[in-house]
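For reference, the structure is listed below as structure tokens.
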Amino acid sequence: MIRLTFCILFFFSSSALLHAWDADDETFDPTITETIIDGASRIGDPSPFYREGYEKRGFTYVGFTVPEKGDPTVNLSFIFPPNPDDPAKNLGGSLYLPAGKAKALIAAFEEGADLSGNFDILIGSWNGDWTLVFDKEKGLVVQQDYQDQIAKFSLSVPAAKKLAEALKHSLGKIEKGE
Numbered sequence: 365m366i367r368l369t370f371c372i373l374f375f376f377s378s379s380a381l382l383h384a385w386d387a388d389d390e391t392f393d394p395t396i397t398e399t400i401i402d403g404a405s406r407i408g409d410p411s412p413f414y415r416e417g418y419e420k421r422g423f424t425y426v427g428f429t430v431p432e433k434g435d436p437t438v439n440l441s442f443i444f445p446p447n448p449d450d451p452a453k454n455l456g457g458s459l460y461l462p463a464g465k466a467k468a469l470i471a472a473f474e475e476g477a478d479l480s481g482n483f484d485i486l487i488g489s490w491n492g493d494w495t496l497v498f499d500k501e502k503g504l505v506v507q508q509d510y511q512d513q514i515a516k517f518s519l520s521v522p523a524a525k526k527l528a529e530a531l532k533h534s535l536g537k538i539e540k541g542e
């Protein structure tokens, strides 16, 4: 009975330590599959962001796709909590980046506050034009311009560096053929 109690206490105390999440952390841990933030489950070890015009915080998710035909992509999703009072149903966004574009975006995120001017992530993609810019007040701002609507997703510099690490991880898996 004492062993069982000890095992249960160890499990809960160690999992809390292992999954402690900090919005200002700039390191990505690929071993984390789920994180509890703001009382809700989040996929993996996400980077926080804010969507312009909303007070709620959203979270990123990075994965990859290796289709049978075509080139593999690194997938970056901005997952935003739904707002039942808002007529816009999809407040997040997704990017599907070929390896070269993913590497360029990683470098831009790593520049952080030193990023100068606009950086074109994807222009003319099926889901709009995506750009990145550094704003002194908002941090790194990823902008999606799609069908006359503009969405801006702001990341702090540490969150952008963590996101760069997540992108590197997925890109590495593609390059290894995993």
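With the working numbering, the residue at position 4 of the sequence shown is 368, and numbering never jumps. We put the beta carbon where it would ideally sit given N, CA and C, even for glycine. Predicted model only: the values in this text are computed from it and were never measured.
| query | result |
| --- | --- |
| Going straight from the alpha carbon of D509 to that of W494, what length do you get? | 6 Å |
| Determine the extent of the beta strand (DSSP E) in which A515 is found, giving its start and end residues. | Q513 to L519 |
| Is it the case that the segment 421-435 contacts the segment 484-498, given that we only count it when at least three CB pairs across the two stretches are under 8 Å? | no |
| For F413, which option in A404, W385, G403 and F444 has the closest C-alpha, if you only look at C-alpha atoms? | F444 |
| Take D389 as the anchor and find which of P522, S518 and T399 has the nearest alpha-carbon. | P522 |
| Expressed to the nearest angstrom, what Euclidean distance is found between the alpha-carbon atoms of T424 and F442? | 5 Å |
| Let me know if A530 comes out buried or exposed under the rule of 16 or more other beta-carbons within 10 Å of its beta-carbon. | buried |
| On the criterion of 16 or more Cβ atoms from any shown chain inside 10 Å, does G536 qualify as buried, or is it exposed? | exposed |
| Pick out whichever of I407, I396 and I470 has its Cα sitting closest to the Cα of L479. | I470 |
| Nearest to G541 by alpha carbon, out of P436, A515 and R406? | P436 |
| Quick one, are the C-beta atoms of L459 and L496 less than 8 Å apart? | no |
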